[in-house]
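A.B. asks: Going by the UniProt record's numbering, the first residue of the sequence shown is number 1, and it counts up by one from there. Idealized CB from N, CA, C, for every residue including glycine.
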Amino acid sequence: MDQIKNFFRKKKTELKFKTAGPGYRLGDSSQSGPTSSSSTAYLSQEPTRSPADLTEAQRRAAEAAMSRLAATGSHRPGSSMSRSQRAVKDEAKRQVDLERIVKQSEIDPTKQKSETRIIAETPLLGVSGILFTCELLDPSLALPKQEMIHVVEEYLQNCFHEDPLVTSTVMIYSLNTKERRDAGVSVLLKYLENIIDHPEDETYCRIRMSNKVFQNKIADLKGGVEFLKAVGFAEKNENEETFLVFDWDNAKQIDLASAKQCLLEGKPVPLKLYRNPKILRASCRPLAEIQLPAEFFGKTPEELRKEQSERAEMSENLLTLRTKEMRERDEIKKLASYKYALIRVRFPDEYSLQGTFSASEKLSEVYEFVRKYVTLDWAPFTLKDSSVRAPLEGKQESTLLELRLCPAALLYFQWDVDVIQNLNSVDQKIPNHALKDEFLNDAVYE
Numbered sequence: 001m002d003q004i005k006n007f008f009r010k011k012k013t014e015l016k017f018k019t020a021g022p023g024y025r026l027g028d029s030s031q032s033g034p035t036s037s038s039s040t041a042y043l044s045q046e047p048t049r050s051p052a053d054l055t056e057a058q059r060r061a062a063e064a065a066m067s068r069l070a071a072t073g074s075h076r077p078g079s080s081m082s083r084s085q086r087a088v089k090d091e092a093k094r095q096v097d098l099e100r101i102v103k104q105s106e107i108d109p110t111k112q113k114s115e116t117r118i119i120a121e122t123p124l125l126g127v128s129g130i131l132f133t134c135e136l137l138d139p140s141l142a143l144p145k146q147e148m149i150h151v152v153e154e155y156l157q158n159c160f161h162e163d164p165l166v167t168s169t170v171m172i173y174s175l176n177t178k179e180r181r182d183a184g185v186s187v188l189l190k191y192l193e194n195i196i197d198h199p200e201d202e203t204y205c206r207i208r209m210s211n212k213v214f215q216n217k218i219a220d221l222k223g224g225v226e227f228l229k230a231v232g233f234a235e236k237n238e239n240e241e242t243f244l245v246f247d248w249d250n251a252k253q254i255d256l257a258s259a260k261q262c263l264l265e266g267k268p269v270p271l272k273l274y275r276n277p278k279i280l281r282a283s284c285r286p287l288a289e290i291q292l293p294a295e296f297f298g299k300t301p302e303e304l305r306k307e308q309s310e311r312a313e314m315s316e317n318l319l320t321l322r323t324k325e326m327r328e329r330d331e332i333k334k335l336a337s338y339k340y341a342l343i344r345v346r347f348p349d350e351y352s353l354q355g356t357f358s359a360s361e362k363l364s365e366v367y368e369f370v371r372k373y374v375t376l377d378w379a380p381f382t383l384k385d386s387s388v389r390a391p392l393e394g395k396q397e398s399t400l401l402e403l404r405l406c407p408a409a410l411l412y413f414q415w416d417v418d419v420i421q422n423l424n425s426v427d428q429k430i431p432n433h434a435l436k437d438e439f440l441n442d443a444v445y446e
């Protein structure tokens, strides 16, 4: 496990150095200190555009905007850009960089689901899709899961020369489905165990690549062949057939027992659900229905099989007497079809904050998300469920699924009464808006 942990720790450290910006010397007046990343954080409130949304005209406009800003800066040496100019420049650069990454990873933007495309045309009604970020990549890069996996695959391939054994293990755990991964890992472990237990038997040192087991379990396992080569196997052609042959001379530096342990304790590259935060402002128009993309309800084959089993169990339960507690558990099982939750928090003024969460996340994550945006980030507050008008106090360890806040819910924000009274007693001014001003600048109408 230490090998995997060290790999992730090393890559996270490298990313921090890359994103730290250019260095500067202390006392050098000609160089400015490191710039704050707060403007980037504010821009992240805009929904990250998927590659399908970037038309050729938009790409040209982004490049033209960067050229104009560069020209403006050259005519006014020494002048600093305004906040709006920085925002335009950063957004244009982000779109150009995203297009470059997509082209490098050979992602076809036309393979977007029709549901996502329709919703993307009306982004204010809900969310354009479920996006993910990766701790090993640029934190501003948010993509749909499959596209992010493609980018991660390219990233790991570039890291392969540094540590082939660990990198190939991470590839196996990150780029394959659980079913295919488990089947492939069991075969790879068998290969290693045979060599460890029978080092003198050449039968176990040769793998025919046309073998049925190899073709079904290893050939299509991403990272599988790379792992075998990392532990000492090499491709050889004999009598018009291709074999993977274990070479003890090439494998002297590889501890097979350590390689086996690494494969047993492998972990995938961590992907993190992107909150896709939005600041919304109430308008005079009637509230539109919140639209949710298909990812909120999509199911894998494993989940479908589990649901079929649960339905059979429910049919049996209908024939027996059920207590209230048992019926509540059954109700939660019905809600388990929802994978994500779109949470919108309405503040006492005309603003709302919206974010995307996993259905299995706890309510405490919603509180933590809201606290990053409010002015008095030190003050306690309460969130109320709009459907029952009841505060959610004491339920922060419950999941959003258990609280029936899936697939979408509206919560009301309220400052702690004692805090407001204490501020009034010392004549301290209470902010006009609960949300920080810098976030309100990017608000859009509901």
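Using the Cβ count rule (16 or more neighbours within 10 Å means buried), how would you classify residue 236?
C.D. replies: Against the sequence shown, residue 236 aligns to sequence position 236. Result: exposed.
A.B. asks: Starting from residue 181, trace the beta strand (DSSP E) both ways and give me its first and last residue.
C.D. replies: Along the sequence shown, one-based indexing puts residue 181 at 181. It is not in any beta strand (DSSP E) - residue 181 instead sits in the alpha helix (DSSP H) that spans 178-197.
A.B. asks: Drop a sphere of 10 angstroms on the beta-carbon of residue 148, count the other beta-carbons inside from all chains shown, and report buried for 16 or more, exposed for fewer.
C.D. replies: Taking the first residue of the sequence shown as 1, we reach residue 148 at position 148. It is buried - the Cβ of residue 148 has at least 16 other Cβ atoms within 10 Å.
A.B. asks: Excluding five sequence neighbours on each side, which residues of the same chain lie with their C-beta closer than 7 Å to the C-beta of residue 15?
C.D. replies: Position 15 of the sequence shown, counting from 1, holds the residue named residue 15. Around residue 15: 136.
A.B. asks: Going by beta carbon distance, what residues of the same chain come within less than 7 Å of residue 246, once the five residues before and after it are set aside?
C.D. replies: Reading the sequence shown from its first residue, position 246 is the one you call residue 246. Here the set comprises 195, 205, 232, 233.
A.B. asks: By DSSP, does residue 385 sit in helix, in strand, or in coil?
C.D. replies: Position 385 of the sequence shown, counted from the start, is the residue given in the question as residue 385. It is a strand residue.
A.B. asks: Distance, Cα to Cα, residue 437 vs residue 320?
C.D. replies: One-based indexing of the sequence shown puts residue 437 at position 437. One-based indexing of the sequence shown puts residue 320 at position 320. If you take the alpha carbons of residue 437 and residue 320, they lie about 57 Å apart.
A.B. asks: Ordered along the chain, which non-local residues of its own chain (more than five positions away) have a Cβ less than 7 Å from that of residue 349?
C.D. replies: In the sequence shown, the residue the question calls residue 349 occupies position 349. Once the five neighbours on either side are set aside, the close Cβ partners of residue 349 are 433, 434.
A.B. asks: Answer yes or no: do residue 312 and residue 400 have a C-beta to C-beta separation smaller than 8 Å?
C.D. replies: The residue you call residue 312 lines up with position 312 of the sequence shown. The residue you call residue 400 lines up with position 400 of the sequence shown. Contact: no.
A.B. asks: Compute the Euclidean distance between the alpha carbons of residue 5 and residue 275, then round it to the nearest angstrom.
C.D. replies: Locating residue 5 in the sequence shown gives position 5, where the first residue counts as 1. Locating residue 275 in the sequence shown gives position 275, where the first residue counts as 1. For residue 5 and residue 275, the distance between alpha carbons rounds to 26 Å.
A.B. asks: Go to residue 356, then tell me how far its beta strand (DSSP E) extends in each direction, as first and last residue.
C.D. replies: As a first step, residue 356 must be located in the sequence shown, where it is residue number 356. From DSSP, the beta strand (DSSP E) with residue 356 extends over 351-358.
A.B. asks: List the whole-angstrom C-beta distance separating residue 373 from residue 443, where the pair is believed to meet the contact cut-off of C-beta under 8 Å.
C.D. replies: Here residue 373 refers to the residue found at position 373 when the sequence shown is read from its first residue. Here residue 443 refers to the residue found at position 443 when the sequence shown is read from its first residue. Not really, about 11 Å apart at Cβ, beyond 8 Å.
A.B. asks: Run through DSSP, which three-state label would residue 404 get?
C.D. replies: Numbered from 1 along the sequence shown, position 404 holds the residue referred to as residue 404. Residue 404 falls in the coil class under three-state DSSP.
A.B. asks: Beta carbon of residue 381, beta carbon of residue 357: below 8 Å?
C.D. replies: The count along the sequence shown starts at 1 and reaches residue 381 at position 381. The count along the sequence shown starts at 1 and reaches residue 357 at position 357. The answer is no: Cβ separation not under 8 Å.
A.B. asks: From residue 108 to residue 153, what distance separates their C-alpha atoms?
C.D. replies: On the sequence shown, residue 108 is found 108 positions in, with the first residue counted as 1. On the sequence shown, residue 153 is found 153 positions in, with the first residue counted as 1. In this predicted model, residue 108 has a pLDDT of only 46, less than 50, meaning its place in the structure is not dependable; the value taken from the coordinates is given anyway. Whole-angstrom Cα-Cα distance: 15 Å.
A.B. asks: Beta carbon of residue 165, beta carbon of residue 223: below 8 Å?
C.D. replies: If you number the sequence shown from 1, residue 165 lands on position 165. If you number the sequence shown from 1, residue 223 lands on position 223. No. Outside cutoff.
A.B. asks: Tell me whether the beta-carbon of residue 279 lies closer than 8 Å to the beta-carbon of residue 244.
C.D. replies: Numbered from its first residue, the sequence shown carries residue 279 at position 279. Numbered from its first residue, the sequence shown carries residue 244 at position 244. The answer is no: Cβ separation not under 8 Å.
A.B. asks: Which residues in the same chain as residue 142 place their Cβ atom closer than 6 Å to its Cβ, once the five residues preceding and following it in sequence are excluded?
C.D. replies: The residue you call residue 142 lines up with position 142 of the sequence shown. 48, 131, 133, 274.
A.B. asks: According to DSSP, is residue 167 part of a helix, a strand, or is it coil?
C.D. replies: What you label residue 167 is simply residue 167 of the sequence shown in a count that begins at 1. The answer is helix: DSSP assigns residue 167 an H, G or I state.
A.B. asks: Find out if the Cβ-Cβ distance for the pair residue 353, residue 386 is shorter than 8 Å.
C.D. replies: Along the sequence shown, read from residue 1 onward, the residue named residue 353 stands at position 353. Along the sequence shown, read from residue 1 onward, the residue named residue 386 stands at position 386. Taking 8 Å as the Cβ cut-off, residue 353 and residue 386 do not qualify as a contacting pair.
A.B. asks: Using CA coordinates, which residue listed in 425, 202, 181, 157 is at the minimum distance from residue 219?
C.D. replies: For the purposes of this step, residue 219 is identified with residue 219 of the sequence shown, where counting begins at 1. Minimum Cα distance to residue 219 is reached at 181.
A.B. asks: Taking only three categories from DSSP, how would you classify residue 172?
C.D. replies: Taking the first residue of the sequence shown as 1, we reach residue 172 at position 172. Three-state DSSP puts residue 172 in a helix.
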